[in-house]
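Numbering (our numbering), first residue to last: 1113 to 1296.
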């Protein structure tokens, strides 16, 4: 079956056999797409209020206990009281291991990405937290490089730290990457 929405019935919700549902804008012109909005009815949004939540769950799983808890979720969470000049909101991604899903990644209103921590640090667009050692892994094919690049407004790559897998070398480049300063 299909459900049609709007005076022109341009938005359709169609059942796809053995798969699920498709929400579609029927118009074929450029920039015609469906929009699904989760709208909170709260008239006084305060810090930590949820504006919308999408949860993923297998409630009929036969083994019960952890298996039937929310396994993953996405939440829009206010960062403070909303006002005429502020609607700062974070997007929170949750996953579960042997638990109801908990926060693992947050993108805040400043564009900072926080992994395994709920707190962004001013001046750092990426914050990786841990209760033990903190590790970040860059993986490249055997004959390619893993690179961390540093830039400024005048140069897209003013310096680099490069691990060359082909020669098992760690290289440090400066001066727009034209100068290899050190190789280990």
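Note that beta-carbon positions come from the ideal geometry of N, C-alpha and C, so glycine has one too. What you are looking at is a predicted structure, and each value in this text was computed from that prediction instead of being measured.
Best match in the options for proximity to residue i [C-alpha to C-alpha]
{"i": "residue 1154", "options": "1147, 1162, 1148", "result": "1162"}
{"i": "residue 1171", "options": "1165, 1164, 1179", "result": "1179"}
Residue(s) in a DSSP beta bridge with residue i
{"i": "residue 1219", "result": "1203, 1225"}
{"i": "residue 1188", "result": "1164, 1203"}
{"i": "residue 1240", "result": "1227"}
{"i": "residue 1276", "result": "1257, 1281"}
{"i": "residue 1271", "result": "1262"}
Residue j beta carbon less than 8 Å from that of residue i
{"i": "residue 1200", "j": "residue 1221", "result": "yes"}
{"i": "residue 1185", "j": "residue 1165", "result": "yes"}
{"i": "residue 1284", "j": "residue 1273", "result": "yes"}
{"i": "residue 1139", "j": "residue 1122", "result": "yes"}
{"i": "residue 1269", "j": "residue 1263", "result": "yes"}
{"i": "residue 1228", "j": "residue 1210", "result": "no"}
{"i": "residue 1246", "j": "residue 1240", "result": "yes"}
Sequence-distant residues of its chain with Cβ nearer than 8 Å to residue i (five each side left out)
{"i": "residue 1183", "result": "1168, 1169, 1170, 1207, 1208, 1213"}
Boundaries (first-last residue) of the beta strand (DSSP E) holding residue i
{"i": "residue 1263", "result": "1257-1264"}
{"i": "residue 1147", "result": "Careful: residue 1147 lies outside any beta strand (DSSP E) and carries neither H nor E."}
{"i": "residue 1116", "result": "1114-1117"}
{"i": "residue 1293", "result": "1291-1295"}
{"i": "residue 1128", "result": "1123-1128"}
Own chain residues within Cβ distance below 7 Å of residue i, not counting five before or after
{"i": "residue 1085", "result": "For the chain, the structure presents residues 1113 to 1296; residue 1085 sits outside this window and is missing."}
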